[in-house]
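According to UniProt numbering, the stretch in the sequence shown is residues 1 to 382, in order.
Read through the structure below, which is laid out as structure tokens, and then see the notes.
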Amino acid sequence: MKEHWWNLPGPSRFVDRVERDVRDGHSVFLELPLERPSGLREAVAERFSESSLHWEDLFASDDKPLDLMYDLFLPDHPPSALRTMESLPTGDRFSMLIVWVEEIAEGDAPAWADFFEKYGTLCRSNPDWHHPVFLVPDAAAWGAHRKMKNTPYASTVRWNDTVERLDMQMYIGSLQLAYGESKLEQQVARHLMAELSLWDRDLALFLAGRSEQELFHPERALVEYAGERGWQPRAVDLELAWSKGMAFRVEERLEWHSAWLAMNGDLAQLRRRMWAAQVAVLFPHLELLRHKLLELIGPQIALPVYDEKGYAVNDLFELEFRHIYYFLSRGGAHHPPQLVSYVNELRRIRNWLAHLNVLGAENIRTLANPPRMIAELEEFAS
């Protein structure tokens, strides 16, 4: 699934940015959270699979950065000769390269920052040199955004505001979920998972393995997830929260992780997310049901209809569920009691959602299984 993730619009745009900077000759410092999305290296490397640039993986060690370059790319350099930055362009192997640098320790960061700064100067001094470009995925861990500046030969790309709700919905849609028997139940489940996960692919997979009961009441499962991440319920600054995956910008708005909200007891915000997920699916569904009901029983309704406040409704399709329920219920035995009860349930569900309340799984099943009632309604209308 990680391959599919990087083909989604938002993550793919992030890889596009990295590819563009590399092709422009920039070394790219990737500012990623500690729990970085897996598969990024492979996604970037794939963009250059048919390029003339050669890909090299380099794992930082205790050696000085310059010594590593000589050991790996200039092995024929005389051992007794001085190793200098200025001699790097003379190495036949040290050109037309993409070097992915992993595991720069925080203690080694000053040496690497100094190397990259001098390397940028070297590139400027040798404009005809097909200089290697470096990709550094641990840049945020050692504060590259503070130590490095964007230059013609270096840039920083931050993993933030890169995943939109559509991305998560598409990703979850690719999973094999077993929630409910109807399309409506499955749609609601997917939207719930997407709104709870927002940008966190790992949380989406975590929720995909949970029961329907846990999806509609996710607080305990989310606290468990936060515990697995090693989070603690205390205040943190935004940079630390971002680095630990607790906060992220989604569609230009700062969002806190659902597991972080659950751990810190902000259940109101958590419920608002769940409500937004349900409304996105259920309001259109309810409106279609309302129109279907009015099409079938419309010939039996004499307009205008007066509501409980005496307001006259002259347009048939402006009648709400409460009007339909009133019309059916006052007809006594002429209207199937199951139908009257069903419309009353639709009225109650619509009002419940209108007041920012979250529905339970049983309410979704009620909405998803109206065939018998609709059949009775069609029989009545005929």
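We put the beta carbon where it would ideally sit given N, CA and C, even for glycine.
Remember, predicted model here, so these are calculated numbers, not experimental data.
- Take the alpha-carbon of ASP108 and the one of GLU31: they are about 17 Å apart.
- When DSSP states are grouped into helix, strand and coil, SER87 belongs to the helix group.
- Annotation: GLU35 is outside any alpha helix (DSSP H) and is labelled neither H nor E by DSSP.
- With a contact defined as Cβ atoms closer than 8 Å, GLU102 and PHE59 qualify at about 5 Å.
- For GLY230 and LYS309, the gap between their C-alpha atoms comes out near 56 Å.
- Put simply, the region 281-293 touches the region 348-355. At least three CB pairs are less than 8 Å apart.
- In the three-state reduction of the DSSP assignment, GLU345 falls in the helix class.
- The beta carbon of ARG165 sits closer than 8 Å to the beta carbons of ALA194, GLU195, LEU198, VAL250 and GLU251 from its chain, once the five residues preceding and following it are set aside; these are given in chain order.
- Separation of the CB atoms of PRO33 and TRP242 is rounded to 6 Å, and the pair is thereby assigned contact status at 8 Å.
- As computed with DSSP, HIS54 is found in a beta bridge with LEU97.
- Counted as a single uninterrupted DSSP element, the stretch harbouring ARG165 is not any beta strand (DSSP E) but the alpha helix (DSSP H) occupying residues 165-173.
- Measuring C-alpha to C-alpha distances from ARG201 to each of GLU228, HIS191 and VAL163 identifies VAL163 as the nearest.
- Per DSSP, SER329 is one residue of the alpha helix (DSSP H) stretching across 321-329.
- Nearest to ARG41 by alpha-carbon distance, out of GLU50, GLU19 and GLY25, is GLU19.
- Residues LEU184 and LEU367 of the same chain have their beta carbon placed closer than 8 Å to that of HIS285, with the five preceding and five following residues left out of the count.
- Across the structure, ASP92 and PRO75 are spaced so that their CA atoms are roughly 10 Å apart.
- DSSP places LEU288 inside the alpha helix (DSSP H), whose first and last residues are 267-297.
- The three-state reading of DSSP puts THR162 in coil, since its state is none of H, G, I, E or B.
- By the CB criterion at 7 Å, TRP275 and LEU356 fall inside the cutoff.
- ALA361 and ALA208 have their C-alpha atoms some 16 Å from each other.
- The criterion of a C-beta distance shorter than 7 Å is not satisfied by GLN187 and TYR179.
- SER182 has its alpha-carbon roughly 58 Å from the corresponding atom of SER95.
- Counting only residues of its own chain and dropping the five nearest sequence neighbours on each side, VAL236 has a CB closer than 8 Å to the CB of LYS244 and MET246.
- Boundaries of the beta strand (DSSP E) harbouring ARG249: 247-250, taken from the DSSP string.
- In this structure the region 262-273 touches the region 209-228; the number of beta carbon pairs closer than 8 Å is three or more.
- In the DSSP annotation of this structure, the continuous segment of the alpha helix (DSSP H) that includes LEU192 starts and ends at 183-197.
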